[in-house]
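Written below as structure tokens is the structure these notes are about.
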Amino acid sequence: MRKGLAGQRLVAVFIAGLVLLNYPILSLFDRPQTVFGLPLLHVYLFSVWLALILVVAWIAEHGAR
């Protein structure tokens with residue numbers, strides 16, 4: 336039953352990634368502002384990407400237990 340739960344969590348992360356990296360959300364961060372000298376859109380993209388990778392890694396390590 337735990338493997339099924341891990342699979343469902345991975346599907347949820349995939350859908351969250353689709354939503355967070357799709358046009359309507361990306362347009363909210365396409366502004367001429369910078370964070371630590373980096374464009375806001377780039378910071379958002381790499382932050383979301385890193386968060387998705389970390390969540391998938393956590394699910395892969397702890398989801399099947």
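Quick note: the sequence shown uses this note's numbering, first residue 336, plus one each step. Glycine residues also receive a C-beta, built at the ideal position from the N, C-alpha and C atoms. On a predicted model such as this, the values are computed, not experimentally measured, just so you know.
Look at Pro374 here: in three-state DSSP terms it is strand. Taking a 10 Å sphere around the C-beta of Tyr379, we find 16 or more other C-beta atoms and assign the residue as buried.
If you compare the alpha carbons of Gly342, Ala341, Asn357 and Thr369 with that of Trp384, the shortest gap goes to Asn357. For Arg344, the CB contacts under 8 Å within the same chain, skipping 5 residues up- and downstream, are Ile394 and Gly398 in chain order. A direct Cα-to-Cα measurement between Arg366 and Ala386 gives close to 22 Å.
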